[in-house]
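Before any comments, here is the structure.
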Amino acid sequence: MNGPLTVGERLVSGNLGEDIFAFAAEIYPICRSITGKGVRKTLQAIRSHINLELHEVPTGTEIFDWAVPREWNVREAYIRDQRGRKIVDFATSNLHLMSYSVPVHRWVSLAELKQHVYTLPDQPDLIPYRTSYYAENWAFCMPHRLLESLEDERYEVVIYTEFSDGSLSYGEYLHKGETDDEFLLSAHICHPSLANDNCSGVALLTHLAKRMAGLRTRHSFRFLFAPGTIGAITWLARNEDHVKHIKHGLVVSMVGDGGGPTYKKSRRGDAKIDRVLTHSLRHCGLTPTILEFSPYGYDERQYCSPGFNLPVGLFQRSQFGGVPQYHTSADNLDFIAPDHLAQSYRLIAETIDIVENDMVYRNTNPKCEPQLGRRGLYGAIGGDKDAVAANMAMLWILNLSDGIHSLLDIAERANLPFGLVRKTAQLLHRNGLLTPYGDVDPSKS
Ligand code: ZN
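Going by the numbering used here, the sequence shown runs without a break in its numbering and finishes at 639.
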């Protein structure tokens, strides 16, 4: 009974989880921040897989209420004791240096050093991740146990960082579809060595874009890799006239752990993307959490600011801040796994499948039920245990295909997975019982 493969089905072939994991592991060691060489190196790594368009926006460029900050790069950073032993070294873990630390080279007492050290007393073996983008400061991050072990002596603090008038870098890739209606997929690329947040999201979207190349799609798909907050603001400021084309969007972050999945709705709350994710997560066989919009989180904050109010939600596995590994050195490659990455990828591919294939049919035989048994349609789909659901899908589709209700409307009302409803509709269409009535009413998108 299967028709030709859909876009979503074509996207999920092959060695998904291993490929995504390998790319996440490749970019994991790079020291990223909101600007600088690490961001460029990451974009180049993405570019080795897809034809990424690179953008450099000069320091000082005004972007709404903000300006592109000075570029920040690190040469070295460490703390040495009086015997010349390095206590912590940026070369060992880039989490040791607070991002955007100003340059310092001097001897300090332990008491003064402690004013510039972040630890996690409740997780004494982990290094926290800290930034100070917009306030001039310097700090080191280290395990609490290490700080406790330091003797009351003087320490040499060395931070060779450079601030320069440079630029902010971001990359985008457009998969051109048959229409200008766009699906935005956005991942932040500003975190240093944190695997789940967000090497996982960057790697997943890179591989999604790569596999989409060559496929025919109805929507155009825009993949945006930009530093968090300031990158999204920069992109929106430079594309203000373009955003009307965005009909659906997802911010993708923290997709490599085994929690969730979690979906946070767009500010609109009833956008199609909100309906699609709510529907597909309900049927995904895991234990999903669906959250209403709140103005705290990742770049959905910018996309959903009132002046844009775009239909963009946030897709994650565990919620940010909801796991002990969040923003610590425990968010490493052991925290993410190929299976989880593949599962997250499939959920996003399914989302794409729904927005690509949702359509309206009309029942060609609306006066009383058509005689299905005569056409051999009862139990025609799947094995015996699926037959009941398939029969229900047939009845619902025939009842609601009135030129108004779309396949997603039917799947929601019947509480059946969209994929089953779509396949069943194709079967009924091949048997002359349905006729395509057109795309979904754009006002409902
Ligand atoms: Zn984060």
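Cβ coordinates follow ideal geometry from the N, Cα and C atoms, glycine included.
Problem - Sub-8 Å separation of Gln510 and Thr472 beta-carbons - result: Against a cut-off of 8 Å, the Cβ pair of Thr472 and Gln510 comes out as no contact.
Exercise for the section: Indicate, with yes or no, if the ligand ZN has a heavy atom lying under 7 Å from the CB of Asp493. Expected result: Asp493 Cβ: outside cutoff for every heavy atom of the ligand ZN.
Practice task
Compute the Euclidean distance between the alpha carbons of Leu508 and Tyr492, then round it to the nearest angstrom.
Solution key: For Leu508 and Tyr492, the distance between alpha carbons rounds to 8 Å.
Practice task
Check Arg416 in the structure and name its three-state DSSP category.
Solution key: Here Arg416 sits in strand by DSSP.
Problem - Own chain, CB closer than 7 Å to Thr253, minus 5 neighbours either side, in chain order - result: Val262, Pro263, Arg264, Glu265, Asp359, Gly360, Ser361, listed in sequence order.
Exercise for the section: Give me whichever residues DSSP pairs with Leu541 in a beta bridge. Expected result: Answer is none; Leu541 lacks a bridge partner.
Practice task
Ignoring anything shorter than 3 residues or poking outside the region 470-532, list the beta strand (DSSP E) runs there in chain order.
Solution key: Unbroken beta strand (DSSP E) stretches of 3 residues or longer found wholly inside the region 470-532: 483-485, 506-510, given in chain order.
Practice task
Evaluate Lys617 with the Cβ neighbour count: other Cβ atoms within 10 Å of its Cβ, from every protein chain shown; 16 or more gives buried, anything less gives exposed.
Solution key: Buried: at least 16 other Cβ atoms inside 10 Å.
Problem - Around the ligand ZN, Cβ to any heavy atom closer than 6 Å, ordered along the chain - result: Taken from the N-terminal end onward, the list reads His385, Asp391, His521.
Exercise for the section: Identify, in the order they occur along the chain, each residue of the same chain with its Cβ nearer than 7 Å to the Cβ of Ser303, setting aside the five sequence neighbours on each side. Expected result: Cβ neighbours of Ser303 beyond the five flanking positions: Arg348.
Problem - Helix, strand or coil at Trp332 according to DSSP, with G and I counted as helix - result: In the structure shown, Trp332 sits in coil (DSSP, three-state: anything other than H, G, I, E or B).
Exercise for the section: Quick one: using the 10 Å Cβ neighbour count with 16 as the cut-off for buried, is Ser207 buried or exposed? Expected result: Exposed is the call here.
Handout entry: Contact under 8 Å by Cβ, Thr200 with Asn551
Key = Against a cut-off of 8 Å, the Cβ pair of Asn551 and Thr200 comes out as a contact.
Practice task
Reducing DSSP to helix, strand and coil, say where Leu402 ends up.
Solution key: Collapsing the DSSP output to three states places Leu402 in a helix.
Handout entry: Beta-carbon proximity list for Ala309, same chain, < 6 Å, skipping 5 on both sides
Key = This sequence places Gln at residue 309; Ala is not what is there. Counting only Cβ-Cβ distances below 6 Å, and skipping sequence neighbours, we find nothing.
Exercise for the section: Kindly list the residues whose CB is nearer than 7 Å to the CB of Arg300, restricted to its own chain and excluding five residues on each side of it in sequence; keep chain order. Expected result: Non-local beta-carbon contacts of Arg300 in its own chain, meaning distances under 7 Å to residues more than five positions away in sequence, involve Val351 in chain order.
Practice task
In the DSSP assignment, find the alpha helix (DSSP H) that holds Ala216 and state where it starts and stops.
Solution key: For Ala216, the enclosing alpha helix (DSSP H) has its first and last residue at 210-221.
Exercise for the section: Please report how far the alpha carbon of Ser488 lies from the alpha carbon of Leu341, in whole angstroms. Expected result: Cα to Cα, the separation comes out at about 36 Å.
Problem - Which residues DSSP lists as bridging Leu368, in chain order - result: In the DSSP secondary-structure assignment, Leu368 is bridged to Arg416.
Problem - Buried versus exposed call for Leu621 [16 or more other C-beta atoms within 10 Å across all chains shown] - result: Within a 10 Å sphere around the beta-carbon of Leu621 sit 16 or more other beta-carbons, which makes this residue buried.
Handout entry: Residues that DSSP places opposite Thr644 in a beta bridge
Key = One cannot answer for residue 644 here, as it falls past the ends of the chain, which runs 195 to 639.
Practice task
Pull up the distance between the alpha-carbon of Glu372 and that of Val549, whole angstroms please.
Solution key: Put simply, the backbone Cα of Glu372 is about 14 Å away from that of Val549.
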